[in-house]
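This report refers to the structure that appears directly beneath it.
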Amino acid sequence: MAKDTWIGDVLAGNYNGEEVELMGWIHRSRGSNKIRFVVLRDSTGYIQCVVKRDAVGDEAFEAMKTALIESSVIICGTVQSTEREHGYEIQASSCEIVGGVNPERPFPITESAMAEADGGETEFLLDNRHLYLRTGRMTTMLKMRSSVFGAIHSYFRDLDFIEYQAPNFVAGAVEGGSTLFEVPYFGRKAYLTQSWQLYGEAAMPALERLYTMAPSFRAEKSRTRRHLTEFWHAEMEMAWASNADIMEHGEGVVRHIARTLLDEREKELVDVGRDLDLVARYADNPYPRMRYDEAVETLQGMGVDVEWGQDLDYSKEKVLTADFDVPHFLTHYPRIAKPFYHRPDPEDPKYVLCHDLLAPEGYGEIIGGGERTWSEKEILERIDEDGTPRDAYEFYIDIRRYGGVPHGGFGLGVDRVVTWLTGANHIRETIPFPRDSRRVTP
RNA sequence: GCCGACAUAGCUUAGUUGGUGGAGCGGUGGACUGUUAAUCCACAGGUCGCAGGUUCAAGUCCUGCUGUCGGCGCCA
């Protein structure tokens, strides 16, 4: 039964003139009483199969004639090059329906459902996500997504980072407590993790260079095209490292992702209408660094109402990044705008040693990171200053009690990077089953 | 938490000053030997989101509810 011929290879010309056995699903089917044109789909592409009554026999022909879209079929035939649309087509010698489709419940994702959505996300397509996955737009996106995940792994592994896993059930917060998902835990309360970071830091003295890619959960009621309640978070932590060292890797991994997409998924990028030169620019150019103060001055110069000490929200990021042609790092935010784990700048403790990486074209923040507050004295100060109870962070403080070292790391929103690099309109287009405040199904 | 839109057939939608809800796709039956979202003919398919109200009469006007979408704050 094992399948050994893929449509993509046939289209590449590897089987010209040969007899092949293709297994796949009917994408479209049309024809007359004597001849049918069946466009067959598998995970690698689409090819037209010409099924003639004379060639396959009455029984097989009738079965093929009544088979609806998305029926699974096996078609044997000869590969023939053609001037027509696909370059190659199959002259069928036999065909067989493997799994049919009930006419009372035809495949619901029709041309009309797709046409209006135009890569977007209608309620209907979200409700039928399990079926929408097999459409061209979605499989193309999933292939690019896979390459992004692969690129992140290869970037860190090639530099001898160790992949390291943290628990998803946790007892405390990294970000604000209001965005925690609470789950019952044998009579106690537990939470879904918002970030690997605190556990990453715990292993920092053991592994020194480590990373992960795992889901993070945030109970934000955000209704924007860049938020999910469950998103994929690539995080790294590094001992003996400064804010600048961490940024090097942030830039490094993002440029490596862009390069990998161009190398592995050029066709898919073109298919979704992405400008390859744009992606190449993100792969080939350095990402400038800009201090928070400079960003505020720039914004004020543009007439934007912003005060020093404010965190820069999306509306301001958008104005700031409108003129950027590559991602920019924003560094040295005011201490009062950032959580306790960011280390105050020894040269001017009004600021912390942190960075956000802002993607251009209005896509906004894709990385947040920096140097950690690493001495016991400083971390206690910062926790108290934040008004956070110390109890929940005992293990985190302990890390500093036994040989603390300068260290840092970042978190990268993988789905956001996929959204940006593929030019998608909405983060939901890039993940198989998106989760937001109003949807947990299918 | 806040602001704004929308809800008509399986899907995408039209529906005028309130007067018996149409179409395209999809489905079924038929025709057709090279089609590209094939074409042509016929048929089936609707509690107009739910509940009230105004009216002789409501898909249409009013109120409430529910659901969905878009955006803000927050963040990756």
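Just so you know, our numbering puts 1303 at position 159 of the first sequence, and the rest follows in order with no gaps.
Virtual Cβ for every residue (Gly too), placed ideally from N, Cα, C.
These numbers come from a predicted model, not from an experiment.
Inter-residue CB distance, residue i and residue j (contact presumed, cutoff 8 angstroms)
| i | j | result |
| --- | --- | --- |
| VAL1200 | CYS1193 | About 10 angstroms; that fails the 8 angstroms criterion. |
| PHE1361 | LEU1336 | 4 angstroms |
| SER1187 | THR1283 | 7 angstroms |
| VAL1562 | MET1380 | At roughly 18 angstroms, the Cβ-Cβ gap does not stay under 8 angstroms, so VAL1562 and MET1380 are not in contact. |
| ALA1402 | VAL1423 | 5 angstroms |
| MET1446 | VAL1463 | 6 angstroms |
Residue i burial status per 10 Å Cβ neighbour count (16 or more: buried)
| i | result |
| --- | --- |
| LEU1405 | buried |
| TRP1452 | exposed |
| TYR1458 | exposed |
| GLU1267 | exposed |
| VAL1397 | buried |
| LEU1372 | buried |
| SER1290 | exposed |
| ILE1234 | buried |
| PRO1311 | exposed |
| LEU1420 | exposed |
| ALA1146 | exposed |
| TRP1384 | exposed |
| VAL1496 | buried |
| GLN1338 | buried |
| GLU1163 | exposed |
| LEU1575 | Note on identity: in this sequence residue 1575 is Ile, with Leu being the wrong assignment. ILE1575 is buried by the Cβ-count criterion. |
| PHE1375 | buried |
| ILE1170 | buried |
| ASP1559 | buried |
| PRO1488 | buried |
| ARG1172 | exposed |
| ILE1510 | buried |
| PHE1330 | exposed |
| GLU1395 | buried |
| ARG1399 | buried |
| ASN1387 | buried |
Collapsed DSSP secondary structure at residue i in the structure displayed
| i | result |
| --- | --- |
| LYS1147 | coil |
| ASP1457 | coil |
| TYR1540 | helix |
| LYS1178 | coil |
| GLY1512 | strand |
| MET1365 | Note on residue identity: the sequence assigns Lys, not Met, to residue 1365. Coil, per DSSP. |
| ILE1213 | coil |
| ARG1545 | helix |
| PHE1468 | coil |
| ILE1253 | coil |
| GLU1206 | helix |
| ALA1334 | strand |
| GLY1555 | strand |
| MET1434 | strand |
| GLU1163 | strand |
| ASP1389 | helix |
| VAL1450 | coil |
| VAL1242 | strand |
| PRO1488 | strand |
| TYR1308 | coil |
| PRO1349 | helix |
| ARG1579 | coil |
| VAL1416 | coil |
Nearest neighbour of residue i, chosen from the options [CA to CA]
| i | options | result |
| --- | --- | --- |
| ASN1569 | TRP1340, MET1167, ILE1541 and ARG1418 | ARG1418 |
| HIS1486 | LEU1422, GLY1514 and ASN1177 | GLY1514 |
| ASP1198 | THR1465, ASN1158, CYS1239 and ARG1174 | CYS1239 |
| GLY1189 | HIS1476, HIS1274, PRO1488 and GLY1280 | GLY1280 |
| ALA1207 | GLU1525, THR1222, GLY1231 and GLY1243 | GLY1243 |
| GLU1214 | PRO1493, GLY1168, THR1222 and GLU1255 | GLY1168 |
| ARG1174 | LEU1155, SER1386 and PHE1205 | PHE1205 |
| THR1356 | GLY1344, GLU1441 and ASP1407 | GLY1344 |
| VAL1440 | THR1475, GLU1410, TYR1546 and ASP1428 | THR1475 |
| ASN1158 | GLY1231, VAL1217, ASN1177 and LEU1212 | GLY1231 |
Cross-strand partners of residue i (DSSP beta bridge)
| i | result |
| --- | --- |
| LYS1196 | ILE1179 |
| ARG1172 | VAL1183 |
| GLN1235 | VAL1194 and THR1222 |
| TYR1329 | ARG1332 |
| ALA1378 | MET1357 and LEU1556 |
| GLY1189 | ASP1186 |
| PHE1313 | LEU1336 |
| TYR1507 | In DSSP, TYR1507 forms no bridge with anything. |
| PHE1473 | ARG1433 and LEU1501 |
| VAL1496 | PRO1488 |
| ALA1383 | HIS1551 |
| PRO1483 | According to DSSP, PRO1483 bridges with nothing at all. |
| PRO1478 | TYR1495 |
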